[in-house]
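Trainee: Residue numbering for the sequence shown follows the numbering used here, starting at 2 and increasing by one per position.
Quick reminder that beta carbons are idealized off the backbone N, C-alpha and C, glycines included.
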Amino acid sequence: MPDPFPGRMTHWACGLTGALLFGDAVVLMAGYGQFNVGVLLPFGLGACLLAMSLGRARLQAWLAAAAVRRRLWRLGWIALGCWVVSLVSFWLVLARGSHKDLASGPAPAAIVVLGSRAPNGHPSAALAARLDAALIQAGRFPQALVLVSGGVDFGERLSEAQAMGDYLRGKGLVPHRIVQEESSTSTAQNLQFSQALLAARGITADAPLLIVSSDFHTLRASWIARKTGYTDVRTVGAPTPLSIRFNAWLREYFAVISGFVLREF
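1. I'd like the span of the beta strand (DSSP E) that includes Glu182, first residue to last.
2. Applying the 10 Å Cβ sphere with the 16-neighbour rule, what's the burial state of Gly47?
3. Which first and last residues belong to the alpha helix (DSSP H) in which Gly34 is found?
4. Please state the DSSP three-state secondary structure of Gly197.
5. Among Met30, Leu51, Gly32, which one has its Cα closest to the Cα of Ala20?
6. Is it true that the CB of Asn248 sits closer than 8 Å to the CB of Leu93?
7. Is Ser150 helix, strand or coil by DSSP?
8. Suppose you measure from the CA of Ala226 to the CA of Arg118; what does that come to, to the nearest Å?
9. What does the Cβ neighbour count give for Asn121, buried or exposed, with the cut at 16 atoms within 10 Å?
10. When DSSP labels each residue in this structure, what does Ala14 get in the three-state scheme?
11. Should Gln35 be labelled buried (16 or more other beta-carbon atoms within 10 Å of its own) or exposed?
12. Would you decide whether Leu55 is buried or exposed? Buried here means 16 or more other CB atoms lie within 10 Å of its CB.
13. In the structure shown, what three-state DSSP assignment does Thr205 receive?
14. Quick check: Val114 and Ser150, are their CB atoms within less than 8 Å of each other?
15. Please state whether DSSP places Ala80 in a helix, a strand or coil.
16. How would you call Phe261, buried or exposed, if buried means at least 16 neighbouring beta carbons within 10 angstroms?
17. Use the C-beta contact count for Met10: other C-beta atoms within 10 angstroms, 16 or more gives buried, fewer gives exposed.
18. To test your reading of the DSSP string, which unbroken beta strand (DSSP E) runs of 3 or more residues are found completely within the region 83-134?
19. Three-state secondary structure (DSSP) at Ile137?
20. Classify Val262 as helix, strand or coil using the three-state DSSP reduction.
21. Take Ser125 as the anchor and find which of Leu88, Ala197, Gln138, Met165 has the nearest alpha-carbon.
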């Protein structure tokens, strides 16, 4: 009878991997209220791996019943392996890009901080890291306007931009430097809606612009910015908290694919 897992170590590795993926997703959903593809996919994949490991005997019998099932089983593992290779390759590109100092060059006319989750009006850890990075750049470039961009999250009443502005003011950034864009719900809208607010203050699309976001997000944000019409864009990537890093990077993998399909770049 064919064994779905070639060897005891493979069987245990499958179960352990499933438990880790499943547990990680449960913690993020229950503890952080995160429900996105970067969390739901590990949840589903982890549950499947756990079920296969715990139900090894039944799976073995099911595979033995038909040769086509065994072929599909092998093809499924090959497809999963190819996908994992593509995912890791993408992560390596993100990691390499996130360590570049793209903030050097002429002084920006504006610093645009892209929004993220702000539950109950308070920036999440990832958003706080972006804002802290923006504060550093605001200190480097005291003449630059600081525009924070983000609309209202599902289930929230306060916009991300309002929470971001409150955070920056609480950290000592003078209010007259801060502009809040409170209508956007995507990266493309962040940059599109910000463009009008900047233009109203005499900052055109060809002026030097510094975009601050999370490390995994800067590459896609720069592509979208150029598609939106900005011609002199640099980025600064804030470190993603370790507790959500790989989930966020997984979500970004699919966001880039979606961006290409929707021609956001």
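Mentor: Taking the structure as given:
1. Run containing Glu182: 179-182, per the beta strand (DSSP E) assignment.
2. By the neighbour-count criterion, in which 16 or more other beta carbons inside 10 Å mark a residue as buried, Gly47 falls on the buried side.
3. Run containing Gly34: none; DSSP gives neither H nor E here.
4. The amino acid at residue 197 is misidentified as Gly; the sequence shows Ala. Correct three-state label for Ala197: helix.
5. Ranking Met30, Leu51, Gly32 by Cα distance to Ala20 puts Leu51 first.
6. Not closer than 8 Å, so no.
7. Looking at Ser150 - three-state DSSP - the assignment turns out to be strand.
8. The straight-line gap from Cα to Cα measures roughly 21 Å.
9. Asn121 is exposed by the Cβ-count criterion.
10. Here DSSP, grouped into helix, strand and coil, assigns Ala14 to helix.
11. The residue in question, Gln35, is buried, as its Cβ has 16 or more Cβ neighbours within 10 Å.
12. Leu55 sits exposed, since fewer than 16 C-beta atoms from the chains shown fall within 10 Å of its C-beta.
13. If DSSP states are grouped into helix, strand and coil, Thr205 belongs with coil.
14. In contact: Val114 and Ser150 (Cβ atoms closer than 8 Å).
15. Helix.
16. Under this definition Phe261 is an exposed residue.
17. By the Cβ neighbour-count rule, Met10 is exposed, with fewer than 16 other Cβ atoms within 10 Å of its own.
18. Entirely contained in the region 83-134, the beta strand (DSSP E) runs reaching 3 residues are, in chain order, 111-115.
19. Residue state, collapsed to three classes: helix.
20. Taken through DSSP and simplified to helix, strand or coil, Val262 comes out as helix.
21. Residue Met165 is the option with its Cα nearest to Ser125.
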